[in-house]
Amino acid sequence: GVGVIKRIEERTFRGAVVMYYVIYLDISDMTVMIPVEKSNEMGIRPIVEQKEAQAAIDSISSKYEPMPVDWKARYQMNVDLLKQGSIASIAKVVQALYHRSKIKELPVQERKLYDNALRLLIDETSFSLKKDKKEIEMLVFSKLEK
Numbered sequence: 013g014v015g016v017i018k019r020i021e022e023r024t025f026r027g028a029v030v031m032y033y034v035i036y037l038d039i040s041d042m043t044v045m046i047p048v049e050k051s052n053e054m055g056i057r058p059i060v061e062q063k064e065a066q067a068a069i070d071s072i073s074s075k076y077e078p079m080p081v082d083w084k085a086r087y088q089m090n091v092d093l094l095k096q097g098s099i100a101s102i103a104k105v106v107q108a109l110y111h112r113s114k115i116k117e118l119p120v121q122e123r124k125l126y127d128n129a130l131r132l133l134i135d136e137t138s139f140s141l142k143k144d145k146k147e148i149e150m151l152v153f154s155k156l157e158k
């Protein structure tokens, strides 16, 4: 989710000096420490620019590609998309699972994946576009219904 780097701290870990990002996560009201040198592999990245955030929201009203019928293949495909970490791939997962849920109720794991992707999309785009989360949520659903 969206976090704010509050500071960079130096700590000793197993006899070595390690630099850590101290990140505050608003959604869970929690602070975490991430080793700076591991930040890329953990998916830490800057918030997307406004243009990219708007493009992601706009993309969910475009024509979507049908997903595999087999839920395990679909689930893995969506997990792989989320692992990419881009706002565009998160939007694709939201779009695909939303439309799939209109055909048939999603299995529990896919529902959790959808809920997580939707939260990530709303959190990051609201932060980037400097808009209220409720406003972004309404915008996302209006785009999904097109």
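Position one of the sequence shown corresponds to residue 13 (my numbering), numbered consecutively onward. Every residue, glycine too, gets a C-beta built ideally from N, C-alpha and C.
Residues near residue i in its chain [Cβ-Cβ closer than 7 Å; skip 5 each side]
| i | result |
| --- | --- |
| Ile-46 | Tyr-32, Tyr-33, Ile-35, Met-54, Ile-56 |
| Arg-23 | Val-30, Tyr-32 |
| Val-44 | Ile-35, Leu-37 |
| Ser-101 | Leu-93, Leu-94 |
N-terminal and C-terminal residue of the alpha helix (DSSP H) that residue i is part of
| i | result |
| --- | --- |
| Leu-37 | Segment 28-37 is the beta strand (DSSP E) holding Leu-37; no alpha helix (DSSP H) there. |
| Arg-112 | 99-115 |
Bounding residues of the beta strand (DSSP E) (the contiguous stretch that carries residue i)
| i | result |
| --- | --- |
| Ile-46 | 42-47 |
| Arg-123 | Segment 120-141 is the alpha helix (DSSP H) holding Arg-123; no beta strand (DSSP E) there. |
| Lys-50 | Element bounds for Lys-50: n/a, residue is neither H nor E. |
| Val-16 | 15-25 |
Minimum Cβ-Cβ distance from residue i to chain D less than 9 Å
| i | result |
| --- | --- |
| Tyr-110 | Note that chain D does not occur in the displayed structure, where there is just one protein chain. |
Under 9 Å between C-beta atoms of residue i and residue j
| i | j | result |
| --- | --- | --- |
| Val-152 | Leu-132 | no |
| Ile-72 | Lys-155 | yes |
Three-state class that DSSP yields for residue i in the structure shown
| i | result |
| --- | --- |
| Tyr-87 | helix |
| Glu-75 | Checking the sequence, you will find Lys at residue 75 rather than Glu. Coil at Lys-75, not helix or strand. |
| Glu-61 | coil |
Would you check if the region 78-96 and the region 121-136 touch, i.e. whether three or more CB-CB distances between them fall below 8 Å? The answer is yes - the region 78-96 touches the region 121-136, with three or more Cβ pairs under 8 Å.
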